[in-house]
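Student:
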Ligand code: ATP
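Residue numbers (this note's numbering): 81 to 325.
(1) Any beta carbon from chain E within less than 7 Å of residue 235's own beta carbon?
(2) Tell me, please, which residues DSSP counts as bridged to residue 194.
(3) Rounded to whole angstroms, what is the Cα-Cα separation between residue 245 and residue 291?
(4) Using a strict less-than 5 Å threshold between each residue's beta carbon and the heavy atoms of ligand 1, what residues do you get?
(5) Quick one: what does DSSP say residue 267 is sitting in, helix, strand or coil?
(6) Of the choices 87, 84 and 91, whose alpha-carbon is the least far from that of residue 300?
(7) Just to confirm my understanding: we take residue 111, look at its own chain, exclude 5 residues before and 5 after, and list those with CB closer than 6 Å. What are they?
(8) Using the C-alpha atoms, what's the distance from residue 194 back to residue 166?
(9) Quick check on DSSP: helix, strand or coil for residue 166?
(10) What is the residue span of the beta strand (DSSP E) that residue 203 lies within?
(11) So, for residue 89: in the same chain, excluding its five sequence neighbours on each side, which residues have a beta-carbon less than 7 Å away from its beta-carbon?
(12) In its own chain, which residues sit with a C-beta less than 6 Å from the C-beta of residue 123, not counting the 5 before and 5 after it?
(13) One question on the structure: do residue 240 and residue 211 come within less than 7 Å of each other, judged by their Cβ atoms?
(14) DSSP three-state label for residue 259, please.
(15) From the DSSP output, in three-state form, read off residue 116 for me.
(16) Between which two residues does the beta strand (DSSP E) carrying residue 298 extend?
(17) Can you check whether the CB of residue 188 is closer than 7 Å to the CB of residue 237?
(18) Starting from residue 104, follow the beta strand (DSSP E) in both directions and report where the run begins and ends.
(19) Between the alpha carbons of residue 136 and residue 306, how many angstroms are there, rounded?
(20) Along the beta strand (DSSP E) that carries residue 90, what are the first and last residues, could you check?
(21) Any idea if residue 116 is buried or exposed, counting beta-carbon neighbours within 10 angstroms, 16 or more meaning buried?
(22) Between 134, 223, 175 and 148, which has its C-alpha nearest residue 157's C-alpha?
(23) Is the Cβ-Cβ distance between residue 288 and residue 253 less than 7 Å?
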């Protein structure tokens with residue numbers, strides 16, 4: 081039914097060996113919305129995303145409840161989660177450096193191609209409309225792109241899979257302020273295409289500006305949550321994450 085969240089996690093714990101990095105997180109991403117998780121370095125944000133995606137490093141183990149569009153996906157292989165509509169754009173923005181922009185995009189639709197989806201490349205014009213810069217540079221080697229262009233390509237490649245849930249790990253990391261602005265502007269346009277977005281960010285100000293709902297993750301615990309407007313107006317959030325006291 082339509083009020084079912086796209087993603088719901090309950091009591092998610094992640095440990096690396098004996099050390100627990102995430103202590104029972106709860107979170108929901110509603111259809112058509114952006115949820116953001118903000119928090120300092122080392123709080124466990126990437127750990128949480130990787131656990132949801134099924135992409136924890138081999139030292140990591142997760143337990144808890146993860147539901148994607150109503151299906152229990154905890155313990156499922158990454159490929160299965162991808163088939164069900166999940167897509168993670170990691171902080172590292174892995175691209176195929178020696179391949180050109182367009183081929184990198186096409187690899188984003190590889191699973192659809194494998195599944196004999198005749199329209200596997202149908203998101204290409206959508207991606208090029210969102211990122212005219214990628215269209216201009218479609219024959220350029222990915223390894224020679226600027227940081228901002230690389231982030232655009234990582235986002236564009238994810239969209240080629242036509243995901244229902246897009247998870248973005250620190251899309252603003254290492255980018256100049258103007259580019260960050262552009263990337264966040266695009267994230268809002270992505271939401272308008274109907275995809276639900278889980279955005280992990282240290283840039284709390286920008287994240288809360290675009291998000292509908294927000295969570296604060298500190299030391300592996302969700303310490304606050306609320307509408308993005310409420311959180312941005314909260315004095316504790318302002319003092320710790322928005323840079324005023
Ligand atoms: P950042 O924004 O700096 O990436 P984060 O909030 O994403 O921070 P995580 O990278 O999830 O935080 O790290 C959470 C905790 O788990 C940290 O204490 C980190 O040292 C630890 N950790 C992360 N990956 C591993 C790993 N592969 N093995 C052991 N410990 C890990």
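Ideal Cβ positions, reconstructed from N, Cα and C, are used throughout, including at glycine.
Tutor: On the basis of the supplied data:
(1) Absent here is chain E; the protein component of the structure consists of one chain.
(2) Looking at the DSSP output, residue 194 bridges to nothing.
(3) About 14 Å.
(4) Going along the chain, the residues that qualify are 96, 101, 121, 122, 123, 124, 125, 126, 127, 137 and 139.
(5) Taken through DSSP and simplified to helix, strand or coil, residue 267 comes out as helix.
(6) Answer by Cα proximity: 91.
(7) Answer for residue 111: 86 and 276, listed in chain order.
(8) Each residue's Cα considered, the two are about 17 Å apart.
(9) The answer is strand: DSSP assigns residue 166 an E or B state.
(10) Note, residue 203: premise wrong, no beta strand (DSSP E); not H, not E.
(11) Here the set comprises 105, 106, 107, 132, 144, 145 and 146.
(12) In chain order, 297 and 298 place their CB closer than 6 Å to the CB of residue 123, counting only its own chain and leaving out the 5 sequence neighbours on each side.
(13) No.
(14) Residue state, collapsed to three classes: helix.
(15) DSSP places residue 116 in strand when its eight states are reduced to three.
(16) 293–298 is the span of the beta strand (DSSP E), which, as asked, contains residue 298.
(17) A Cβ-Cβ contact shorter than 7 Å links residue 237 with residue 188.
(18) Where residue 104 is concerned, the enclosing beta strand (DSSP E) starts and stops at 99–109.
(19) Rounded to whole angstroms, residue 136 to residue 306 spans 27 Å at the Cα level.
(20) Per DSSP, the continuous beta strand (DSSP E) segment holding residue 90 begins and ends at 87–96.
(21) Buried.
(22) Closest option to residue 157, Cα to Cα, is 134.
(23) Result no, Cβ atoms of residue 288 and residue 253 do not sit closer than 7 Å.
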